[in-house]
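What follows is the structure, encoded as structure tokens:
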């Protein structure tokens, strides 16, 4: 295979995978925008001030209702920690924000199957519980003090502005807020800005997955993941999965297409789960932890997150194996067959129309000004989304 043909095959495979999950992406970000538009960030820090089961449960729910962008999740966790939230609650929020969000589940169902979506939900809950227990035993007041001391130094990461924007609509019933002009504006802004925050990772994930699927022979993956020995494969998978994720540099929903390639190549079910969880310990995010909290706390976060991710992978493997619902088919249809004119194509066209409507609303209601603020540091002041955009919304 010459270079041009190889590159063409990689791009074609990447596009095929993207086309298969386009409508789930639009649906997931749309639903996420609706939830975020109705949940305010202003009271989060007040409600997450301790490590009680209630606070950790609320941290999980707030995470579910937030953007799936790993960088935004990390920045917002630092923000609420600075405003009084406990360190444990902030970390639990991160886990939920990147692993229990709507768009991740929808994409997993379409690309890999419902079992993987269910495994992420169960594994995410397991991670929250395990992390809380590990923190209770190992997290010292000295580490928390170091983390808070560094957090107050205004180090800049990524998506600082996006993390601190409160775009929720207040006042009135759920339905009245949802159907109001302000609600429509808020949803459109959240939809476009969530896309803007993750598109690099999504595009990178598909391109890397396309290249791996097209260029790397299956025999390589089978040897790497010990697929010839199912028992060893189940032991190795959850340990290796996060390590592969760390060097992939891909965060957020962008690691789902990579997970599909790894599953096709022979990694264990639990290995896929731990791989998807590991977007919070990829190298760029670890560097942000270092800037936010210092090197010592960064290493602590890495160690505790890695242990809980691997443990969650093992637990999910055991539970799903006992229930007999681990998929036996490793074929990823879109990789082997490509797109065709079917219900997926029709849904994609509908999704593109909906996305276009939201984009027009975004452009007509001050969206570009908000977009320019996405990467500005939190110290530039709280970004008043209502003042810039809501007052310009069309009734």
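Numbering (my numbering), first residue to last: 1 to 395. Just so it is clear, CB atoms sit at the ideal spot from N, CA and C, and this is done for glycine as well.
Not a single unbroken stretch of the beta strand (DSSP E) spanning 3 or more residues falls wholly within the region 268-296. DSSP, read as helix, strand or coil, puts residue 62 in helix. At the C-beta level, residue 281 and residue 305 come within 9 Å of one another. Residue 24 holds the alpha-carbon nearest to the alpha-carbon of residue 112 among 211, 2, 24.
DSSP places residue 194 in the helix class (H, G or I) of the three-state scheme. CA-CA distance, residue 330 to residue 125, rounds to 26 Å. Residue burial annotation: residue 254 is buried, with at least 16 other C-beta atoms found within 10 angstroms of its C-beta. Proximity to residue 37 across 176, 138, 221 peaks at 176, based on C-alpha coordinates.
Separation of the CB atoms of residue 128 and residue 285 is rounded to 18 Å, and the pair is thereby denied contact status at 8 Å.
Around the beta carbon of residue 21, 16 or more other beta carbons sit within 10 angstroms, so the residue counts as buried.
For the pair residue 214 and residue 3, the Cα-to-Cα distance works out to about 12 Å. Excluding residues up to 5 positions away in sequence, 23 lie with their Cβ nearer than 8 Å to the Cβ of residue 350 in the same chain.
One Cα belongs to residue 257, the other to residue 372, and the distance between them is close to 29 Å. Per the coordinates, the alpha-carbon of residue 295 lies some 46 Å from the alpha-carbon of residue 173. Close CB contacts of residue 82 within its chain, under the 7 Å cut and outside five residues either way in sequence, are with 151, 152 (chain order). By the criterion of at least three beta-carbon pairs nearer than 8 Å, the region 228-246 is not in contact with the region 196-204.
The straight-line gap separating the alpha-carbon atoms of residue 137 and residue 130 is approximately 11 Å. Under the three-state reduction of DSSP output, residue 222 falls in the helix class.
By the C-beta density criterion, residue 300 is buried, having at least 16 other C-beta atoms within 10 angstroms. If the five residues before and after residue 347 are omitted, its C-beta is found closer than 6 Å to the C-beta atoms of 23, all from its own chain and listed in chain order.
With a 10 Å radius around the Cβ and a threshold of 16 neighbouring Cβ atoms, residue 94 comes out buried.
Rounded to whole angstroms, the gap between the alpha carbons of residue 283 and residue 183 is 37 Å. A straight line joining the alpha-carbon of residue 276 with that of residue 66 spans about 18 Å. For residue 138, the enclosing alpha helix (DSSP H) starts and ends at 114-138. Taking each of 46, 366, 233, 34 in turn and checking the Cα distance to residue 180, the smallest one comes out for 34. Taken atom to atom, the span from the alpha-carbon of residue 98 to that of residue 6 is near 33 Å.
Counting the other CB atoms within 10 Å of its CB gives residue 220 a total below 16, which places it among the exposed residues. Of all alpha-carbon atoms in 236, 210, 211, the one lying nearest the alpha-carbon of residue 222 is that of 236. Judged by their CB atoms, residue 123 and residue 89 are not nearer to each other than the 9 Å cut-off. Taking the Cβ atoms as the reference, residue 309 lies roughly 5 Å from residue 274, within the contact range of under 8 Å.
When the alpha-carbon of residue 135 is set against those of 12, 51, 114, the nearest one is in 51.
Counting only the Cα atoms, residue 104 lies some 26 Å from residue 216. For the pair residue 92 and residue 56, the CB atoms are nearer than the 9 Å cut-off. About 5 Å separates the beta carbons of residue 115 and residue 327, which is inside the 8 Å limit, making them a contact pair. In the three-state scheme derived from DSSP, where H, G and I count as helix and E and B as strand, residue 368 is classed as helix.
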